Amino acid sequence: MALMEVRHVTFAYREKPVLKDVSVEVGEGEVVTLLGPNGSGKSTLIKTVIGLIRPGQGTVRLAGRDISSIPQKELARHIAYVPQFHRGAFPYRVLDVILMGRMPHKTFFFRYSQEDIDIARTVMEKLSITHLAGRPYTEISGGERQLTLIARALAQGARIFVMDEPASGLDYGNQLRLLEHITALSCEGYTFIKSTHSPEHALWIAHRAVMIKKGAIIADGRCDDVVNSETLLQLYNIRVNVIRLNGTLRVCVPEMLKDNGAGEGTERPSVFVHRGTLRR
Numbered sequence: 060m061a062l063m064e065v066r067h068v069t070f071a072y073r074e075k076p077v078l079k080d081v082s083v084e085v086g087e088g089e090v091v092t093l094l095g096p097n098g099s100g101k102s103t104l105i106k107t108v109i110g111l112i113r114p115g116q117g118t119v120r121l122a123g124r125d126i127s128s129i130p131q132k133e134l135a136r137h138i139a140y141v142p143q144f145h146r147g148a149f150p151y152r153v154l155d156v157i158l159m160g161r162m163p164h165k166t167f168f169f170r171y172s173q174e175d176i177d178i179a180r181t182v183m184e185k186l187s188i189t190h191l192a193g194r195p196y197t198e199i200s201g202g203e204r205q206l207t208l209i210a211r212a213l214a215q216g217a218r219i220f221v222m223d224e225p226a227s228g229l230d231y232g233n234q235l236r237l238l239e240h241i242t243a244l245s246c247e248g249y250t251f252i253k254s255t256h257s258p259e260h261a262l263w264i265a266h267r268a269v270m271i272k273k274g275a276i277i278a279d280g281r282c283d284d285v286v287n288s289e290t291l292l293q294l295y296n297i298r299v300n301v302i303r304l305n306g307t308l309r310v311c312v313p314e315m316l317k318d319n320g321a322g323e324g325t326e327r328p329s330v331f332v333h334r335g336t337l338r339r
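Going by the working numbering, the first residue of the sequence shown is number 60, and it counts up by one from there.
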């Protein structure tokens, strides 16, 4: 049985269809990437998966249970949401932000226990951000914030991470570090459902890609099988060559870069790629 199942989900905003009979299954330890243009329904699907909105038709099931029947506090012990942007209104310490992940395990009036603090410090060590513990959350970089939010999700005790464009706004180095952490956690059995605008991120670390256009799934399967020139043309209406390097790593090169019209002896722009594959 799949860990999470989206079954024939349909959703509309003010009678405008956004999701159309969407079905997806996610297994334990899988990294599933949602690919699609702006307005395709990726964020709406994410909101449906975390129980923020209810589908007009269909169900979302967690280990066989309809999530609409699971109390929010209990659901938060299983599913953690990592938003695209989170700046924070108050200068809480990074340690305090991570400790907030323990709230689903607490009663209304509570104090953090030594066990909670130990859990927070353990996840900070796992993500190599112990040095940030006393820093104000509002003063750290975007990459450090993303790692802090992942640490909060780990402290939450969740095994399923739902991430809306987690690499958006990060520099190239921080994007790759984030992908490495996701890969390492998936090897420990954590499950990731994440959206992205980068097909290469799917090719590098995801086990599966779900490609969505105009609210409908046009492809769902192993990244090596479904992320190709034909599906990317269908998805984004642009011609892209998917090239294999060193026998394993695949990168996307738009055809517009194939011949940029530079004359003989003129330097052409280089396309840099990350060496080695992050996917297990």
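Where a beta carbon is used, it is the ideal one built from N, C-alpha and C, also for glycine. Keep in mind that this is a model prediction, so the values were computed, not measured.
Express the C-alpha separation of residue j and residue i in angstroms, rounding to a whole number.
i	j	result
residue 93	residue 71	19 Å
residue 273	residue 80	12 Å
residue 195	residue 203	11 Å
residue 124	residue 224	27 Å
residue 103	residue 83	14 Å
residue 193	residue 242	27 Å
residue 172	residue 160	13 Å
residue 78	residue 174	42 Å
residue 99	residue 222	16 Å
residue 68	residue 117	4 Å
residue 306	residue 267	19 Å
residue 247	residue 240	11 Å
residue 163	residue 210	15 Å
residue 198	residue 167	29 Å
residue 182	residue 300	39 Å
residue 184	residue 75	46 Å
Buried or exposed: which applies to residue i, given that a residue is buried once 16 or more other Cβ atoms fall within 10 Å of its Cβ?
i	result
residue 297	exposed
residue 179	buried
residue 292	exposed
residue 114	buried
residue 220	buried
residue 190	exposed
residue 218	buried
residue 22	Shown here, the chain extends from 60 to 339; a query on residue 22 therefore has no answer.
residue 140	buried
residue 169	exposed
residue 231	exposed
residue 73	exposed
residue 122	exposed
residue 149	exposed
residue 128	exposed
Round the Cβ separation of residue i and residue j to the nearest angstrom and send it over; I've been treating them as touching at under 8 Å.
i	j	result
residue 63	residue 85	4 Å
residue 316	residue 310	Actually they are not in contact, since the Cβ atoms of residue 316 and residue 310 sit about 11 Å apart, beyond 8 Å.
residue 302	residue 312	6 Å
residue 294	residue 95	6 Å
residue 270	residue 277	5 Å
residue 131	residue 227	Rounded, the Cβ-Cβ distance is 26 Å, inconsistent with contact.
residue 176	residue 207	Not quite, the Cβ-Cβ distance comes to about 16 Å (not below 8 Å), so this is no contact.
residue 205	residue 237	6 Å
DSSP three-state call for residue i: helix, strand or coil?
i	result
residue 254	strand
residue 331	Because residue 331 carries a pLDDT of 40, less than 50, the predicted location of this residue cannot be relied on, and the following value inherits that uncertainty. Three-state result, residue 331: coil.
residue 85	strand
residue 117	strand
residue 295	helix
residue 64	strand
residue 212	helix
residue 142	coil
residue 132	helix
residue 280	strand
residue 231	helix
residue 92	strand
residue 72	strand
residue 218	coil
residue 156	helix
residue 165	coil
residue 286	coil
Counting pairs of beta carbons, one from the segment 95-111 and one from the segment 153-164, are three or more of them closer than 8 Å? A contact between stretches requires three or more CB pairs, one per stretch, nearer than 8 Å, and the segment 95-111 fails this requirement with the segment 153-164.
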